[in-house]
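Going down the list, the protein sequences come from chains H and W. Under numbering that gives the first Met the number 0, the first residue of the first sequence is numbered 0, with each subsequent residue one higher. Under numbering that gives the first Met the number 0, the first residue of the second sequence is numbered 0, with each subsequent residue one higher. First up is the structure itself, then whatever we jot down about it.
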Amino acid sequence: MSRLERGYRRLLLAYPRAYRRARGDEIVTTLLEGAPPDRVRPPAGDAWDLIRGGLRQRFAPPHGRGYAVVALVCAAAVAYLALGGAIRLTTASESSKDTLFIAGATLLPPEAPVYGDQERMLTTFGGPTLIDLSYAQRPRSLDDLAVEARARAIADGWLAGPIEARRFTLERDGQQRVVTVTDALPAEPTAGVSVHSRYPWPAPLLPVGIAAVVLGGLAGWLAGAWTLRRFRSRTPAGQLLIALTGAPGLLLVGAVAVSTAAELDVSGLTVFTGTLPEGMGLAALVLTPLLAASLPADDPAAAPRPPTDLVRVGIRVVTAAHLAFAAAIATVLVTFTVRMLATGADRVAMLSGAHDPKDLLPLPVYAAVMVLFYIGIVLSPLLLLVSMPLLGVGRGRVSPVAWRVLLAAAISAVVLPALLFTPYGGDASVWFMD
Amino acid sequence: MAMQEPTFFILTALAEQPLHGYGVIRAVTELSGGRITLRAGTLYAALDRLTEEGLLVVDREEAVDGRLRRYYRLTDDGGTALSAEVDRMRANAAMAAARLRNIRLAFGPTS
């Protein structure tokens, strides 16, 4: 083996082993045939090209059809979940908001009426908690009030620094606080004293959070690309199952992430609080690669299939999804109505808790309906963005029956969610969601 | 959707006769007038994709002292895709040429 060939074979290590076994000799032959006789080592251009090709074989999502976008969304979703995990981990031992308020209030004379609020400093990691004491009416000068507050803190066991410009630091058990005594702000209550505490993120969150976002994003990308590569080689039924699991998972996590981002400017920040939508999204995301791994491959050697018509497959997938959501919403409305008619109860009585929907349906059915119902409310209108164009394109390309079924399914996706916005439908969904 | 230029030249190279990897690289360089020089990693990524899309198949293999040449051949679908691309390019070119002629008629020097 020449030195040049050894060099090329070393570069081929960038490719997955199975690929190397199937194509390695062929690629090396091509490389050597293209090399001028005096070449002794692979040029940098070839090296870069082979490493890039190998990494793409290993880690890239499949070519075309927006697979890369899906992989990016997976990366973002997992990065978000990882960040949520990092926040939960680092803030678990944090003293609660109530503790902070009480800590601020102990600095004040016991008889003073106290108002207060606490907020997270979103861009601060580590460092002291800032406590502002604002006096609306003050019997003494602010300087005297600062001295009094400091004395009370020392009596409470804090180690206090000197007062500078009505500001002093407190330390105890590694906790640091900076207390400032000020006049009342115009917007604050005109009586008594208000305590305004601003507390930072725990210092470890900065490195842990960055690591979580980077590693989570990477893991999400790799898992997404892997799932998509598997997805592409599954049977149409398998692909439908994978898509119907993965897409709601991504949508649920995405919706929670968007609502979290919308809340960022308000003090009450919640990231990954383990709410039901987040949990369902996470479960669906975990289930998707498992499905992709376990479903049988579509063997193209078995029987040469005609090239799949995307429109036909799309119509089948969209119709099935519409009908599943419609069935769930219809189940809610029908069970509500049937129960009401059967027992003679009115709508108010139905909501009283005496008629539990879980008594009517077996629990697995109830859970399945509830999941589809939840996802359907979010997804049905979005799905119309796909089914409407398909209705236009698909006319004449699929059988008239299939086209009419899709039309009915699309109409149901408008009518049924709309029914939920009527008072009756609203009561039914409240009753069912319990 | 327009075909990428390297893809177009790979299919064109294979339209006449089956070729092995280095044969494709040489033909593409020649056909593009030296503009496009494919490297092996890029070439095989493209060959994999086109094979998967059913535009190419492996025609035959030749193994000589540790070397392996695999010859690729255009399928019927590949021929169809290439001629569709040719039609598209021809239509575009004709349209552009017609517009240029109109401009010359309107503003060009009178002859």
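By construction, the Cβ of each residue, glycine as well, lies at the ideal position given by its N, Cα and C atoms.
Check                                                                                                                                                                          : Outcome
On the DSSP bridge list, what partners appear for A159 of chain H?                                                                                                             : H:L169
The beta strand (DSSP E) spanning S379 of chain H covers which residue range?                                                                                                  : From DSSP, S379 of chain H is part of no beta strand (DSSP E) but of the alpha helix (DSSP H) over 362-393.
So, at 6 Å on beta carbons, what are the nonlocal neighbours of R40 of chain H in its own chain, with the 5 sequence-adjacent residues on each side left out?                  : G6
Using 8 Å as the threshold, is the region 118-131 of chain H in touch with the region 197-212 of chain H, meaning 3 or more CB pairs across them?                              : yes
Using only alpha-carbon positions, find the residue among H:A211, H:G173, H:A102 that is nearest to G84 of chain H.                                                            : H:A211
Name the residue from H:A242, H:P247, H:E277, H:G248 whose alpha carbon lies nearest to the alpha carbon of S258 of chain H.                                                   : H:E277
Pick from H:G313, H:A412, H:L158: whose alpha carbon is nearest that of R394 of chain H?                                                                                       : H:G313
Rounded to whole angstroms, what is the Cα-Cα separation between D118 of chain W and P36 of chain H?                                                                           : Shown here, chain W extends from 0 to 110; a query on residue 118 of chain W therefore has no answer.
Does the beta carbon of G6 of chain H fall short of 7 Å from some heavy atom of the ligand SAH?                                                                                : Among the components of this structure there are no ligands whatsoever, and the ligand SAH is therefore not found.
What's the gap between the Cα of A291 of chain H and the Cα of N101 of chain W?                                                                                                : 57 Å
Along chain H, which residues have their Cβ under 7 Å away from the Cβ of I9 of chain W?                                                                                       : Result: empty, since nearest Cβ-Cβ is about 13 Å, beyond 7 Å.
Using a Cβ cut-off of 9 Å, pull out every chain H residue sitting near A96 of chain W, in sequence order please.                                                               : Result: empty, since nearest Cβ-Cβ is about 32 Å, beyond 9 Å.
On the three-state DSSP scale, how would you describe S266 of chain H?                                                                                                         : Below a pLDDT of 50, predicted positions are generally treated as unreliable, and S266 of chain H, at 46, falls in that range; the measurement from the model is reported next regardless. DSSP places S266 of chain H in coil when its eight states are reduced to three.
Using the three-state DSSP reduction, which class does H19 of chain W fall into: helix, strand or coil?                                                                        : strand
Given that a residue counts as buried once 16 or more other Cβ atoms are within 10 Å of its Cβ, and exposed if not, what is P138 of chain H?                                   : exposed
Would you report the Cα separation of T74 of chain W and L55 of chain W, rounded to the nearest angstrom?                                                                      : 5 Å
Mind pulling the chain H residues with CB within less than 9 Å of R68 of chain W?                                                                                              : E25, T28, T29, E32
Quick check on the DSSP output: what are the complete alpha helix (DSSP H) runs of length 4 or more inside the region 32-66 of chain H, in order along the chain?              : 43-58
Could you spell out the range, first to last residue, of the beta strand (DSSP E) harbouring P199 of chain H?                                                                  : 192-200
What residues match up with L132 of chain H in a beta bridge as DSSP calls it?                                                                                                 : H:V180, H:V194
How many angstroms separate the CA atom of Q174 of chain H from the CA atom of W225 of chain H?                                                                                : 46 Å
Report the residue ranges of all alpha helix (DSSP H) runs contained in full by the region 84-154 of chain H; include only those spanning at least 4 residues, in chain order. : 96-104, 141-154
Smallest Cα separation from G248 of chain H: which of H:G115, H:R119, H:S386, H:A283?                                                                                          : H:A283
Please determine, among H:Q56, H:G23, H:L71, the residue with the shortest C-alpha to C-alpha distance to L67 of chain W.                                                      : H:G23
Mind reading off the beta-carbon distance from A39 of chain W to I26 of chain H? Whole number of angstroms is fine, and I expect it under 8 Å.                                 : 5 Å
At a CB-CB cut-off below 7 Å, which residues of chain H make contact with R48 of chain W?                                                                                      : H62
Could you spell out where the alpha helix (DSSP H) holding V413 of chain H opens and where it closes?                                                                          : 399-419
Spatial neighbours of L10 of chain H within its chain, please: CB distance less than 7 Å, with the 5 preceding and 5 following residues excluded, ordered by chain position.   : P41, A46, L49, I50
Return the CA-CA distance between Y70 of chain W and Y365 of chain H, expressed in angstroms with no decimal places.                                                           : 58 Å
Answer yes or no: do Y66 of chain H and L227 of chain H have a C-beta to C-beta separation smaller than 8 Å?                                                                   : yes
Counting pairs of Cβ atoms below 8 Å between the region 372-385 of chain H and the region 410-426 of chain H, do you hit three or more?                                        : yes
Threshold first: 3 residues or longer. Then list the beta strand (DSSP E) segments lying entirely within the region 30-103 of chain W, N to C.                                 : 55-63, 66-73
Name the DSSP bridge partner or partners of R233 of chain H?                                                                                                                   : H:A296
Measure the C-alpha to C-alpha separation of A111 of chain H and D172 of chain H and round it to an integer number of angstroms.                                               : 28 Å
What did DSSP end up calling Q3 of chain W once you bin it into helix, strand or coil?                                                                                         : coil
Return no unless some Cβ of chain W is closer than 8 Å to the Cβ of R396 of chain H.                                                                                           : no
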